[in-house]
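Since the structure comes first, as structure tokens, the remarks are kept for the end.
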Amino acid sequence: MVPKEPAGDLREDYHVHLRGSLDPLGSTELYALPFQKAIDLVTKATEEDKAKNYEEALRLYQHAVEYFLHAIKCKRTPWRGILLFGPPGTGKSYLAKAVATEANNSTFFSVSSSDLMSKWLGESEKLVKNLFELARQQKPSIIFIDEVDSLCGSRNENESEAARRIKTEFLVQMQGVGNNNDGTLVLGATNIPWVLDSAIRRRFEKRIYIPLPEEAARAQMFRLHLGSTPHNLTDANIHELARKTEGYSGADISIIVRDSLMQPVRKVQSATHFKKSDMLRSLATTRPTVNAEDLLKVKKFSEDFGQES
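First residue of the sequence shown? That's 383 in the numbering used here, and the numbers climb one at a time after it.
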């Protein structure tokens, strides 16, 4: 049974522990739903999280979330679903959490497909249903599902009956059949949007492409990851690094900086000071993780189905 809304200010930290009604083994803990760690009530985003993303994508996404909250107050029909898609390592999860936290007094549910999967027959559908019921109780609420493609891939003859039932329940809950979904927004993030089921894709009414960072964004990422660590890199050096990292994701740049910070240690130097040569050495040995073929597929999906980029 889904617990009632707790008394007091929702901004106070609390955890909701749902339990399944089916318990053939006599162990209540066995069926404890994994939403305790998934519910995240945050009141503000950090500047670091925002800096990891790109201004244009941030503006589009922030506008979509703000419209969702404004539409509730004005009795307009808001977006019911927003899909963030793009190459891996571009900060889609950070973007979702950073902007969603600016939705004042809204409850933010961050779940992954593994949180909604169970080895027991019929339990996964219950998890999906309970998640949406809880979100409706705590509205305005935002449900963020990372790697949504693993939960809602295209239907085919070879998929299991359990996977088909989970997908059907998710479709029903997103559509709000028999329920009032006003005040509930579903955010999804995926690296491979082309594998999404067409019915799921349609329910994500707003689809935003998060691309690889451009040169200015890459330069900012280098500055962010360097932080207060002593170094002799000038602005010209940082812009040179940004030019040389065309095709690299934010995650790739993070790896380059972390590896370069270890270069002085390998040379038995001070671990707190490094040079431009250390950064170039790390860059030479670190290749981008984004596959060119996958990048073309994402761009093709954006051209066919994307609404913003």
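Heads up, the beta-carbon is just placed ideally off N, CA and C, and yes, glycines get one too.
Which first and last residues belong to the alpha helix (DSSP H) in which residue i is found?
i: Phe-687; result: 674-687
i: Lys-501; result: Note, Lys-501: premise wrong, no alpha helix (DSSP H); not H, not E.
i: Ser-659; result: 658-667
i: Arg-462; result: Where Arg-462 is concerned, there is no enclosing alpha helix (DSSP H), given that its DSSP letter is neither H nor E.
In this structure, how does DSSP classify residue i when only helix, strand and coil are distinguished?
i: Thr-550; result: helix
i: Asp-634; result: helix
i: Leu-594; result: coil
i: Glu-429; result: Only weak support is given to the placement of Glu-429: the predicted model assigns it a pLDDT of 42, under 50, and the value that follows is read from those uncertain coordinates. It is helical.
i: Arg-537; result: coil
i: Phe-586; result: coil
i: Thr-671; result: coil
CA-CA distance, residue i and residue j?
i: Gly-565; j: Pro-522; result: 5 angstroms
i: Ile-525; j: Val-493; result: 8 angstroms
i: Phe-490; j: Val-639; result: 32 angstroms
i: Lys-682; j: Thr-472; result: 17 angstroms
i: Glu-597; j: Ala-624; result: 5 angstroms
i: Phe-586; j: Leu-465; result: 6 angstroms
i: Leu-567; j: Ala-545; result: 23 angstroms
i: Asp-405; j: Met-499; result: Note that Asp-405 scores a pLDDT of 34, beneath 50, so its modelled location is shaky; the value from the coordinates is reported in the next line. C-alpha separation (whole angstroms): 16 angstroms.
i: Met-556; j: Glu-515; result: 11 angstroms
i: Leu-353; j: Met-661; result: Residue numbering for the chain in the displayed model covers 383 to 691; residue 353 lies beyond these limits and cannot be assessed.
i: Gly-629; j: Glu-529; result: 22 angstroms
i: Leu-665; j: Gly-632; result: 14 angstroms
i: Lys-549; j: Ile-527; result: 14 angstroms
i: Val-577; j: Lys-479; result: 24 angstroms
i: Gly-358; j: Cys-534; result: The shown model of the chain, from 383 to 691, leaves out residue 358, and the question about it has no answer.
i: Ala-674; j: Asp-686; result: 18 angstroms
Which two residues bound the contiguous beta strand (DSSP E) that contains residue i?
i: Ser-494; result: 489-494
i: Ile-527; result: 523-528
i: Leu-694; result: Given a span of 383 to 691 for the chain in the structure shown, any question on residue 694 remains unanswerable.
i: Ser-574; result: It should be noted that the sequence gives Ile, not Ser, for residue 574. Premise fails: Ile-574 is in no beta strand (DSSP E) and is neither H nor E.
Return the chain-ordered list of same chain residues with a C-beta closer than 6 angstroms to the C-beta of residue i, the five sequence neighbours on each side being excluded.
i: Pro-470; result: Asn-573
i: Leu-615; result: Lys-658
i: Gly-688; result: Arg-589, Tyr-591
Going by C-alpha to C-alpha distance, which of the options sits closest to residue i?
i: Tyr-476; options: Glu-505, Gly-535, Leu-569; result: Leu-569
i: Arg-663; options: Ser-642, Gly-609, Gly-504; result: Ser-642
i: Arg-547; options: Arg-605, Glu-507, Thr-668; result: Glu-507
i: Gly-468; options: Pro-670, Met-644, Ile-592; result: Ile-592
i: Arg-600; options: Ile-590, Ile-582, Asp-634, Leu-677; result: Asp-634
i: Gly-463; options: Met-603, Lys-549, Arg-584, Ser-610; result: Arg-584
i: Trp-502; options: Ser-488, Glu-543, Cys-534, Val-530; result: Glu-543
i: Ser-488; options: Val-530, Trp-461, Ala-517; result: Ala-517
i: Thr-671; options: Leu-594, Leu-578, Trp-461; result: Leu-594
i: Gly-340; options: Val-577, Ser-636, Ala-618, Asp-686; result: Only positions 383 to 691 of the chain appear in the structure, and residue 340 is not among them; the question remains open.
i: Ser-495; options: Ala-480, His-613, Ser-532, Ala-478; result: Ser-532
i: Thr-667; options: Gln-645, Ala-478, Trp-461, Lys-474; result: Gln-645
i: Arg-669; options: Asp-617, Pro-575, Thr-627; result: Thr-627
i: Val-554; options: Glu-541, Leu-677, Asn-540, Ile-582; result: Ile-582
To which residues of the same chain is residue i closer than 8 angstroms at the C-beta, ignoring the five residues directly before and after it?
i: Ser-580; result: Ser-536
i: Ala-571; result: Leu-465, Leu-466, Phe-467, Lys-474, Ser-475, Ala-478, Phe-526, Ile-527, Asp-528, Glu-529, Val-530
Any beta carbon of chain D sitting closer than 9 angstroms to that of residue i?
i: Thr-627; result: The displayed structure is made up of one protein chain only, and chain D is not part of it.
Can you list, in chain order, the residues of its chain whose CB lies under 7 angstroms from that of residue i, leaving out five sequence neighbours each side?
i: Glu-551; result: Glu-507, Val-510, Lys-511
i: Ile-620; result: Ala-601, Phe-604, Arg-605
i: Lys-679; result: Trp-576
Any heavy atom of the ligand GTP closer than 8 angstroms to the Cβ of residue i?
i: Val-568; result: Ligands are entirely absent from the displayed structure, and the ligand GTP is therefore not among its contents.
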